[in-house]
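Number of protein chains: 2
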Amino acid sequence: MDTHVTQGQAAAATARLVEPPAKLDEDKLCHPASEEIELAAVLHALSDPMRLAIVAGLAAEDQRTCGSFNLPVTKSTCTHHFRVLREAGVIRQQLEGTTRLNSLRRADLDARFPGLLDSVLEAAARA
Amino acid sequence: MDTHVTQGQAAAATARLVEPPAKLDEDKLCHPASEEIELAAVLHALSDPMRLAIVAGLAAEDQRTCGSFNLPVTKSTCTHHFRVLREAGVIRQQLEGTTRLNSLRRADLDARFPGLLDSVLEAAARA
DNA sequence: AAAAAAGTTCGACGGGCGTCGTACTAAACT
DNA sequence: AGTTTAGTACGACGCCCGTCGAACTTTTTT
């Protein structure tokens with residue numbers, strides 16, 4: 000090999016063909032761009048009572064950790080629900096030490112689907 | 000028995016304990032009352048692309064028959080989607096000869112969840 | 001260095017969903 | 001009366017969803 004690529008880097012590149020994100024810490028939690036947010040996915044994400052509660056709780060107080068909700072499910076189920084919300088573009092998760100801070104993507108959602116989040120939040124508060 | 004209940008009525012009442020609606024033609028297609036409409040059920044009903052298309056089509060032109068949508072699925076699947084929408088309280092179906100006329104429950108939905116339907120419809124139109 | 005804290009990953013399980021085909025019902029049109 | 005029209009009812013199939021437990025990673029605390 001005449002290129003300055005170590006054996007480790009080559010192995011990593013090969014592995015990336017199979018498993019894209021690999022090791023970049025920032026991209027480990029991948030979010031859709033605001034234009035990529037799909038309505039059906041958002042509505043599906045919000046159609047679960049527990050996820051609706053998460054979103055309502057986040058609307059009341061932003062930047063909360065996953066554990067702060069004290070949901071009546073195991074941690075793995077908790078991870079699942081937050082991932083569904085994140086991949087639908089409803090919330091943003093950022094790594095912060097050992098925890099993940101969750102925030103509502105209000106601006107992005109409002110830009111893509113004006114008024115939708117607010118009406119859902121108001122509806123959730125009413126029930 | 001000293002109450003004025005005929006044998007027929009008693010039998011009907013007993014049967015109703017096992018199979019509530021039974022034979023009343025109007026109740027064959029049972030809809031939830033507006034206060035009984037649940038948010039999660041509505042969001043779930045709207046989270047399917049085909050049902051979203053049905054609702055959008057109904058918003059454009061009301062009182063349409065099931066067949067008028069020419070959906071790319073079989074009739075039984077079609078029946079399924081309309082039932083999900085009806086049982087969630089999103090649409091109303093009324094028997095009319097051999098067909099069922101579908102209409103959006105705008106007033107009921109607006110009363111229960113103000114602005115929700117409109118924002119979803121606007122979001123659907125945008126995508 | 002060891003333990004604790006906060007999540008993630010993986011495999012598994014049961015139930016529900018979207019889809020289909022076949023059989024059926026009820027009204028409408030020959 | 002027979003046929004067409006417009007749906008419904010009932011299984012059946014594969015797949016996805018919500019849930020769990022066990023093992024793991026990473027950062028923080030002791």
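Protein chains in written order, with numbering that gives the first Met the number 0: chain A, 0 to 126; chain B, 0 to 126. Just so you know, even glycine gets a beta-carbon here, dropped at the ideal spot from N, CA and C. Nothing here was measured: the structure is a model prediction, and the numbers come from that model.
Helix, strand or coil: which one does DSSP assign to L84 (chain A)? helix
Beta-carbon proximity check, D117 (chain B) vs S118 (chain A), cutoff 9 Å: yes
For A32 (chain A) and T98 (chain A), the rounded distance between their alpha carbons: 23 Å
Please list the segments of the beta strand (DSSP E) lying wholly inside the stretch 42 to 125 of chain A, counting only runs of 3 or more residues, in order along the chain. 90 to 95 and 98 to 103
For Q93 (chain A), collect the residues of the same chain with a Cβ closer than 6 Å to its Cβ; drop the 5 residues on either side in sequence, then sort them by chain order. L100
Please confirm whether P71 (chain B) has its beta-carbon closer than 9 Å to some beta-carbon of chain A. no
Inter-residue spacing [alpha-carbon to alpha-carbon] between I53 (chain B) and L45 (chain A): 20 Å
Cβ neighbours of L108 (chain A) in the same chain (closer than 6 Å, five flanking residues each side left out): L116
At the level of alpha carbons, what is the spacing between R63 (chain B) and A40 (chain A)? 27 Å
Own chain residues within Cβ distance below 6 Å of L28 (chain B), not counting five before or after: Q92
Look at the Cβ atom of H30 (chain A), then the Cβ atom of E86 (chain A), and state whether they are nearer than 9 Å. yes
Indicate the three-state DSSP secondary structure (helix, strand or coil) for E34 (chain B) in the structure shown. helix
9 Å is my cut-off, CB to CB: does D117 (chain A) come that close to chain B? yes
For L70 (chain A), I'd like the list of residues in its chain whose CB is within less than 6 Å of its CB, leaving aside the five on either flank, ordered along the chain. C77
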